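Engineer: Below: one structure in structure tokens.
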């Protein structure tokens, strides 16, 4: 018989409130100062043992850390927003995120859960039919938006944490909650992985709201199709000159960058599986009457297998260099992010299905769902599996009138309770005392 | 016999000092708040009648006015730098520049002189062999630089003004000095012209330091070859999407902009004369894993005749639209600047040559020099000539180890006295009582 | 017990001889005059009822028929090669290919087999390690080559035909052998299909040598992954002009074509499945000092589903038009070929496997093999299935040191006997009296 | 008093007849077998001493000689058209053109005249308002056309030759008439120059019908603005592969060529004078479903000075290589033609003007006309001048409703008599006994 889970039912207003608060304060990767602080203060109250910032990740393993100037600016803003000084000093220099541990000290499994917390450089829409706007909780920051649902992920993590804290006497084993920074661009997971949190984990669970358009209440136990990916920044350096008087003395970095952007898509579609390439950002030049002497690109390659991604990356590198030669400028390439391919443990399908049978929030558990994005949770999953544990990446259904990364992206808030209830059932199923 | 002009000789240290002060405080077009104020305070002391900002130009005739936010930010900075409130209120909203008049009230010619005062969006070099850097007067502002010599032009204007003020009792006629904002991009001259300053001018003089590599002491009485030009900004609007999961749902504005940039150069070289096209700035997209939904271009076309420029402009407009269609995005084009073709009055060659014969600073007067830039002084010259006056655009020689608009651009400071002395001789030659 | 099939063993020298003869006389699609004739004469001797050329296909349903001039030239060549006049008159105007029928007039199934017979516009390699070259049977025609193995397919068809003729007294049912022209480019199958041969077929078998690198003796009972595709020719018409004296009067068709070629690859990779686009041929302009007034492209799109191919095709059409607008020329698009997606009947896996168990030539029957090409056999298969019959597309293993469509492409001739023996076992399995 | 020149007046029907005959039989450069023969037979009748083919030019100095196969084919055609065997053997292997000499053996100047004889790869229009078509003398050859007026130049040469032959007893000095092959593409003049014909020439005259739209009867004594130029062929070699099944195994030569074509125009417009670049021909690939393994380009660069052309050429070479690297293919560049800059001797303006005063065909002699094409007559002029002689390149006016190199190009046939009469007056003026 399905009984309403009283805990989940009771926490629903809190979930909505958390989600909306985080949605209003989006922060980009490695600049989640305020976000980390807010999460941390909640968990501190609940009694978790916290490892913040430099204690949570291996600093040198981060990819694509923002410039010192930008970090400094964001740290100042966080300070003015009320983030306490000792928290800031733990996070100084873009060391955001935290790990929260609850050890029941009673024999049992070590379960790990990961929640990503960063936002995207997107200007949120102001259409009346966009719920965050019409309900007054849209982003307070220009050109930054939770357009991928990580505000929801944070919320799910806090909901799960509260359950663990309130029910600890009935549980055994150990619980590690990783609130990971900088998932976008594949920049943060490796740094948390390299800190060693996943050495002795028995089962690792993470997942995503949406990704596929599924009814609220539908949960996918596993996913497949995540793409290996590489993230690159490219700087072109040429020579400026007066565009009217001496165009022939310039070496045009803007044209090198534009040539790269238009040419990269001609890398052949690979016959062995899905491939991707995207130049998502291009900034070049300073004024219309000056031959541009500098240009900057942000791009990524992806592949259904590591081999396909390596093919894409190899072609891209040669083409970037050729574009630079084309316009007689210099190119330098920085590698700023990476995700691996990953395989969910199909053994988990049965246990998840059976644990969730008693949830009144879950209508259907799909064995698997196909996806074609990339995820740096791959580093964590591959580490857990290498050490003998099991790992999965789940989906929590919501309708998706707009795609992820769209200015109008939104999800159904009812999906939050579904995800929390799923994790609670896994916790109860695996670690009930 | 050539006698040292005592005035010019005596003012040389002052010229150097002015030039270096302005070089350190470069401001972009229509944001020359501090620059206008500093010029104005000097001229006020000398006794000129001043028309500042909204009194100096026709506000609606300006091209390419910066955004309100940016203007507001720069007005605040100017305020903190000490610009007085009533000056700021005259200049509010990007109405910079000033006109200074000295009327001897004794019968004589009306002579007008124009000096452009804006800087460029270039990051000044930090090489040791760059004099402004090694002597400690390089730009105090990131990505803004006097890289075209307008700091020198301001200085020449102030030097001439002091001469007029100190020698007014020996002069007749009327002197109008136009300190024009926003020459770069052809944005400011039309607004000053439309205010009516050039209705009854008998002779109009303006000019440039450098442009051709000539020895200090060489002066060109006229120039030819200035190109008509059009300045455009283009916005592309597409649709963002997740680059890994749903690339086919995006409409890629970055690719539309890059396609425009790479294609525009294929407009045929015109057989009737020089033509130019340049995309000098391209900003697109927000992050590597998002299909870019917006892009922005700054570009210009030029032609040796108005017809050639119209050909270039017509082709460019069609190609911008085709690039948008190529990637299924929308393009909107703003016209933000314009220069006309112009012809110096060859009658002035003789008068300039003969007036300058007695200058000890001038080694040689060339009748004419060939140029291929563009100048919005064309609006002023064409207006003076339409009203029956004479007009010329002169050059003042300096060696040019680096081109104009190069991060290492510099000129020889000795050229400043040559230019001042030239103008003084013209004033004496034409308007001695 | 596996006994050598005496028929197949005995015919091996003949298979090799046929294959080499056809390899030396490759003909492009709808110009297989000599090939059709040679096949037909063999089948005539065996006693098949023949339908040649206009009797074998519906003329109006052909895609991409060559120009009259080219057809005339090839018909003349065929005449000089000895093709008889009445055969030529049946094939006149590019109506090549034939259908051969053997009706046992004893009750049984109607089995159909299809063999494609055309070659490719590729210049065969002259490397010593290329067997056709070293053994002296490489293509006798410049820029035409059997580089896809259809010479082998013809051979397999002839081998099967001989078996049927020699063993007809032991067989029941009806056998239709379709020797199809112009498979490359998806141009011929629809015309044979529309002639009505597949109305009452119980089982349809076709297949390919190679496609995947498999050991000789390996047979795949079914395949999956064939792509729907569209084939397009594009003509651009501009205006010529002297490239030195009046470049601005030209409208450059060459640039429109080159722009199309470089831009088409930027159609996004579709997240729902494999997609392809290729410009395989570009001819433009007449001489270096003339602005090109005409250009010609041959291209194709493909998609794992019909929807994906329609997406590719829609994008391509818009981009072709935009490229024309970019360079102010006119574009006209001709649709010259098409393939559909197709699904093999999995019911055939078991029957094929069991029929083939007794073949000594077959080492292994794979249930299915994944492919990513396109095939106009899709029209035939879809028709058979729509009428209630079963259909499959099989693979016959060979090592592939070079890809299909490569100048060094070759297959192992031992694979011919494997394929013949497979079809014989299917015939015996299904239609033994 | 202007008297009708009876010779010129009387020869007008003959001029028209010659012109139309040559117009119908256009031949491309180094394949003017029939043209050379027809010219030679006329001159032989008149009594000129002839040097044909290998005796007229230095074979090794030719640029861009067609393939042996093509030459062989055209020699066969010429043979069938009636060109005699010993003439063909002199011209074998693309050694076309001839030099005709008349030595009066009476002391006087050595005058040389050059006439270019080749046609262009253009398909002549079939519009009713195109005179050659409506009058039934348009090109008899597909894709070959006298679209630059060289049919007229041949005619002028024959007219002058007849005058010299008929009036030789009244003339002194020596006359050299060079009927030069392969002017288009700058391929033939150097070879004639290197044979030594211009060593002791006192005055060299050549010119062109049209180029600028001038009234019939207008003659320009000199021209300026001819561009130095370089002519290049480029071959790209990649690797073919099946476009559907293994696109990633191809190396795409078509894309390398298309990239070159779209990128070359981005070489900056040079501020020191006119520049040009044109890709006039691009052939790539063999079929739509094959990744193209080869591509071929014909292109040219031009510059108002040799330096500017070298700049263009240097940039082009780097960009061709970069395009090859972009798509991982190999590029090889052949230099197949060249023209130099050239300066007409202004001393000739006066002599031409005064000699022509008495011509009733000439309405006006312009001192000079500005042009922006390229001419390999530059090699001859520079050689004459280097040896102390004088040289000029003249224009003979005609209206030009269509540009040179346009399928509808035509000139007014009355211009032929003007040109003949001009040369006759020069001959009489300089070398009357």
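Chains as they are written, first to last, in the numbering used here: chain A, 9 to 441; chain B, 9 to 441; chain C, 9 to 441; chain D, 9 to 441. Each residue gets a CB set at the ideal place from its N, CA and C atoms; glycine is no exception. A quick note: this is a predicted structure, and the numbers were derived from the prediction, not measured.
May I have the straight-line CA-CA distance separating residue 91 (chain B) from residue 127 (chain A), to the nearest angstrom?
Structural biologist: C-alpha separation (whole angstroms): 40 Å.
Engineer: Checking contacts by CB at 7 Å: is residue 333 (chain A) closer than that to chain D?
Structural biologist: Closer than 7 Å to some Cβ of chain D, the Cβ of residue 333 (chain A) qualifies, so yes.
Engineer: Output needed in chain order: residues of the segment 322-346 of chain C with a Cβ under 7 Å from some Cβ in chain D.
Structural biologist: Taking 7 Å as the Cβ-Cβ cut-off against chain D, none of the residues of the segment 322-346 of chain C qualify.
Engineer: With a Cβ-Cβ cutoff of 7 Å, do residue 343 (chain C) and residue 227 (chain C) count as a contact?
Structural biologist: Cβ distance not < 7 Å, so residue 343 (chain C) and residue 227 (chain C) don't count as in contact.
Engineer: The beta strand (DSSP E) that contains residue 288 (chain A), what's its start and end?
Structural biologist: Looking at the DSSP string, the run of the beta strand (DSSP E) that includes residue 288 (chain A) is 283-293.
Engineer: Mind checking whether the beta-carbon of residue 42 (chain B) lies closer than 6 Å to any heavy atom of the ligand COA?
Structural biologist: Here there are no bound small molecules, and the ligand COA is not part of this structure.
Engineer: Mapping the DSSP letters down to three states, classify residue 158 (chain C) as helix, strand or coil.
Structural biologist: Correct three-state label for residue 158 (chain C): helix.
Engineer: With 7 Å as the threshold, decide whether the Cβ of residue 271 (chain C) is near any Cβ in chain B.
Structural biologist: Yes, contact with chain B.
Engineer: Does residue 115 (chain B) pass the burial test, meaning 16 or more other C-beta atoms within 10 Å, or should it be called exposed?
Structural biologist: Classification of residue 115 (chain B): exposed, given that the 10 Å Cβ count is below 16.
Engineer: Counting beta carbon pairs with one atom in the segment 249-260 of chain B and one in the segment 298-317 of chain B, are three or more of them shorter than 8 Å?
Structural biologist: The segment 298-317 of chain B, when compared against the segment 249-260 of chain B, does touch it at the 8 Å Cβ threshold.
Engineer: Which residue comes first and which comes last in the alpha helix (DSSP H) that contains residue 363 (chain D)?
Structural biologist: That run of the alpha helix (DSSP H) goes 355-364.
Engineer: Taking 7 Å as the CB-CB limit, is residue 82 (chain A) close to chain B?
Structural biologist: Cβ-Cβ to chain B under 7 Å: no for residue 82 (chain A).
Engineer: Compute the distance between the beta-carbons of residue 121 (chain B) and residue 185 (chain B), then report whether it is under 7 Å.
Structural biologist: Against a cut-off of 7 Å, the Cβ pair of residue 185 (chain B) and residue 121 (chain B) comes out as a contact.
Engineer: Give me, in chain order, the residues of the same chain whose beta-carbon lies closer than 6 Å to that of residue 209 (chain A); leave out the 5 immediate sequence neighbours on both sides.
Structural biologist: Excluding residues within five positions, the ones whose Cβ falls inside 6 Å are 118, 120, 392 and 397.
Engineer: Can you check whether the CB of residue 155 (chain D) is closer than 7 Å to the CB of residue 319 (chain D)?
Structural biologist: Against a cut-off of 7 Å, the Cβ pair of residue 155 (chain D) and residue 319 (chain D) comes out as no contact.
Engineer: Which residues of the segment 245-274 of chain C have a Cβ closer than 7 Å to any Cβ of chain D? Give them in chain order.
Structural biologist: Under the 7 Å Cβ criterion, the segment 245-274 of chain C contributes 248, 249, 250, 251, 252, 253, 254, 255, 257, 262, 263, 266, 267, 269 and 270.
Engineer: According to the neighbour-count rule (16 or more other Cβ atoms, all chains shown, within 10 Å of its Cβ), is residue 239 (chain C) buried or exposed?
Structural biologist: Per the 10 Å Cβ criterion, buried.
Engineer: At a CB-CB cut-off below 7 Å, which residues of chain C make contact with residue 76 (chain D)?
Structural biologist: By Cβ distance, chain C contributes nothing, its closest Cβ being about 15 Å from residue 76 (chain D), past 7 Å.
Engineer: Pick out whichever of D:109, D:76, D:41 and D:96 has its Cα sitting closest to the Cα of residue 52 (chain D).
Structural biologist: Ranking D:109, D:76, D:41 and D:96 by Cα distance to residue 52 (chain D) puts D:109 first.
Engineer: Compute the Euclidean distance between the alpha carbons of residue 283 (chain D) and residue 145 (chain B), then round it to the nearest angstrom.
Structural biologist: If you take the alpha carbons of residue 283 (chain D) and residue 145 (chain B), they lie about 40 Å apart.
Engineer: Considering only DSSP beta bridges, list what residue 216 (chain D) is partnered with.
Structural biologist: BP columns for residue 216 (chain D) point to D:403.
Engineer: Classify residue 375 (chain C) as helix, strand or coil using the three-state DSSP reduction.
Structural biologist: Correct three-state label for residue 375 (chain C): strand.
Engineer: Work out the CA separation of residue 124 (chain D) and residue 365 (chain D) for me, nearest whole Å.
Structural biologist: Roughly 27 Å between the two C-alpha positions.
Engineer: Of the residues that make up the segment 212-243 of chain C, which ones have a beta carbon closer than 8 Å to any beta carbon in chain A?
Structural biologist: Hits within the stretch: zero.
Engineer: For residue 380 (chain A), would you say it is in contact with chain C, using Cβ-to-Cβ distances shorter than 7 Å as the test?
Structural biologist: Yes, because at least one Cβ of chain C sits closer than 7 Å to the Cβ of residue 380 (chain A).
Engineer: What would DSSP say about residue 107 (chain B), mapped onto helix, strand or coil?
Structural biologist: Residue 107 (chain B): strand per DSSP, three-state reduction.
Engineer: Consult DSSP for residue 48 (chain A) and reduce its assignment to one of helix, strand or coil.
Structural biologist: It is helical.
Engineer: Which same chain residues end up closer than 7 Å to residue 169 (chain B) when comparing Cβ atoms and leaving out the 5 residues on each side of it in sequence?
Structural biologist: These residues qualify, in order along the chain: 51, 54, 56, 108 and 185.
Engineer: With 7 Å as the threshold, decide whether the Cβ of residue 277 (chain B) is near any Cβ in chain C.
Structural biologist: At least one chain C Cβ lies under 7 Å of residue 277 (chain B).
Engineer: Which of the residues in the segment 283-298 of chain A, read from start to end, lie with their CB under 7 Å from any CB of chain C?
Structural biologist: From the segment 283-298 of chain A, only 283 and 284 have a Cβ closer than 7 Å to chain C.
Engineer: Grouping DSSP H, G and I as helix and E and B as strand, with all else coil, what is residue 308 (chain C)?
Structural biologist: Strand.
Engineer: Which residue comes first and which comes last in the beta strand (DSSP E) that contains residue 122 (chain D)?
Structural biologist: It spans 118-124 - the beta strand (DSSP E) in which residue 122 (chain D) sits, taken as one unbroken run.
Engineer: With residue 345 (chain B) as the anchor, note down where its beta strand (DSSP E) starts and where it stops.
Structural biologist: Run containing residue 345 (chain B): 338-347, per the beta strand (DSSP E) assignment.
Engineer: Taking all protein chains shown into account, decide if residue 76 (chain A) is buried (16 or more other Cβ within 10 angstroms of its Cβ) or exposed.
Structural biologist: So residue 76 (chain A) ends up on the exposed side.
Engineer: Tell me the DSSP bridge mates of residue 82 (chain A)?
Structural biologist: Answer is none; residue 82 (chain A) lacks a bridge partner.
Engineer: Between which two residues does the alpha helix (DSSP H) carrying residue 410 (chain B) extend?
Structural biologist: Neither: residue 410 (chain B) is in no alpha helix (DSSP H) and is coded neither H nor E.
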